[in-house]
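When we follow my numbering, the leftmost residue of the sequence shown carries the number 414, and every step to the right adds one. First up is the structure itself, then whatever we jot down about it.
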Amino acid sequence: RVPADMPYREEFGRLGSPMDYEYAWLGLTFAGLFLGVTGAVWAWTHRRRALVVLTLAALLLCLGPNLPPDGHFLLVGGLPFVGDLAQPMKYWNVFLVLSLCLLGGAAAQGAQERAGWLGPALCALFLLAPAWQNHSLLAEAFSHQREPVVPSASFSQRSLIDDASRAGDEPRRIAQTVETKRLREYRRAPGASEWDLAPAGIGLVSWYGTLELPERAVPDVWVTPEGETRANPRSQGPVWLEGEGEIVEWEVGPNELWAQVRAPIGGIVMFSQEALGKDDWVVEGGELFPVHGLLGARVKSGKDGTVRLTYRPPLLLTGLKVSAGSFVLWCLLMVAWRRES
């Protein structure tokens, strides 16, 4: 977590990286650079030049103002349709890490051609240098035992608020204040963090960082930056019934929600959850009926029973299947290429 008064610095005439370890520019160790340069030389001399070109392009794009000219700034400033990539920061380092891994593999392959398996073993020894360089950080990270998680008696949801005295304000005004003061990024209390709440079975109504999407779910508890909690007087609870009757029992899980209902003249079972797409839910015992963006299921008159909603997004499931198939295909192609060579 970063402090609320985290300073910024100007780099090359524009707002640069926050001066904090989490968001600062990352550097490469000498071991990684050595293996990368060695692998680049081998790849270039063995007609694997596309790998070298792609690595140089990644460096030009991801190093930002640390490598004049600033390729990232020129790209974002010159092409309007990529303006949303104005702050990649730490997330773009995956391209550098991937390029270095490929170049390191090329270095190991070149060493194997010269010295057998002793060559890759020596390359692997270089990776001990970064581990030793960061051994104090690793020791600090594993020196504290994580406190045991106490499961919540029932599911509830929390969200951020700048001041507990404003717990009864309009949700839109609270959201605007949270965005203005940037509480999500810089003043997120331990009681309003997914890391602490999810293992206990408590939900968090909050999109992370600069993602701006509708937040229609109503939290049961507000949490201030100091960790103070205050009940939300506008909350109807995680589950309620619109109409005559009652909710006998209910449960909210990661991918499934259900409620046992007694509704003599019918009604709508409401869940304080985003409705998302209508094709993303499989409903049993009722009919999907979102209300103002909240998840709902309409039950018929005189219907007593259980309403169950299961989250099954077809596009996501299709993407997972395609990814799994692509992984298997690439493994088969690698085996075939290996046999040919």
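Backbone N, C-alpha and C fix where the C-beta goes; we use that ideal spot for every residue, glycine too. Predicted model only: the values in this text are computed from it and were never measured.
Just curious, the beta strand (DSSP E) that Q673 is in, first and last residue? E669 to A676
Name the one or two DSSP bridge partners that E374 has. No information on residue 374 is available, as it lies outside the stretch 414 to 754 that the chain covers here.
I'd like the ranges of any alpha helix (DSSP H) spanning at least 4 consecutive residues and lying wholly in the region 524–576. 531–539, 541–546 and 548–554
Cβ-based neighbour list, Q673, same chain, cut-off 6 Å, excluding 5 preceding and 5 following: V661, E662 and T719
Using DSSP with H/G/I as helix, E/B as strand and the rest coil, what is D633? coil
For a quick check, are the C-beta atoms of P726 and S685 less than 7 Å apart? no
Whether E655 touches G679 by CB criterion (7 Å): no
Grouping DSSP H, G and I as helix and E and B as strand, with all else coil, what is K734? helix
Check each candidate in V489, L535, A580 and L531 and name the one with the smallest Cα separation from A761. Since the displayed the chain opens at 414 and closes at 754, residue 761 lies outside it and no answer follows.
Backbone secondary structure at L476 - three-state DSSP: coil
In the DSSP assignment, what residue or residues form a beta bridge with Y724? W694
Chain-order list of residues whose beta-carbon lies under 6 Å from that of Y434 (same chain, five-residue window excluded): Confidence at Y434 is low in this model, with a pLDDT of 46, below 50, so its placement is unreliable and the value that follows should be read with caution. Closer than 6 Å at the Cβ level, and outside the excluded window around Y434, lies no residue.
Just curious, the beta strand (DSSP E) that V781 is in, first and last residue? In the structure displayed, the chain extends from 414 to 754; residue 781 sits before or after that span and is not available.
Counting along the chain, where does the alpha helix (DSSP H) carrying T590 start and finish? P584 to T593
Rounded to the nearest angstrom, what separates G699 and H705 at their Cα positions? 18 Å
Rounded to whole angstroms, what is the Cα-Cα separation between P564 and P612? 7 Å
V465 beta carbon less than 7 Å from that of A456: yes
If you run the structure through DSSP and keep just helix, strand and coil, what is E639? coil
Close Cβ partners of Q525 (< 8 Å) along its chain, the five nearest in sequence each way excluded: G532 and P533
Going by beta-carbon coordinates alone, are L722 and L670 separated by less than 7 Å? yes
Using 10 angstroms around the beta-carbon of M747, count the other beta-carbons present and answer buried if the total reaches 16, otherwise exposed. exposed
CA-CA distance, P677 and S714? 6 Å
Secondary structure at W620, three-state DSSP: helix, strand or coil? coil
Range of the contiguous alpha helix (DSSP H) that encloses H459: H459 -> no alpha helix (DSSP H), and no H or E assigned at all.
Quick one, are the C-beta atoms of A542 and A444 less than 7 Å apart? yes
Using only the alpha-carbon positions, how far apart do N668 and A710 sit? 16 Å
Is it a yes or a no for the region 566–576 touching the region 589–600, going by three-plus beta-carbon pairs under 8 Å? yes
Sequence-distant residues of its chain with Cβ nearer than 6 Å to E628 (five each side left out): V618
Going by DSSP, name the residue or residues bridged to E664. W671
Are there any heavy atoms of the ligand FMN lying less than 6 Å away from the beta-carbon of R752, as far as the coordinates show? This structure lacks the ligand FMN; in fact it carries no ligand of any kind.
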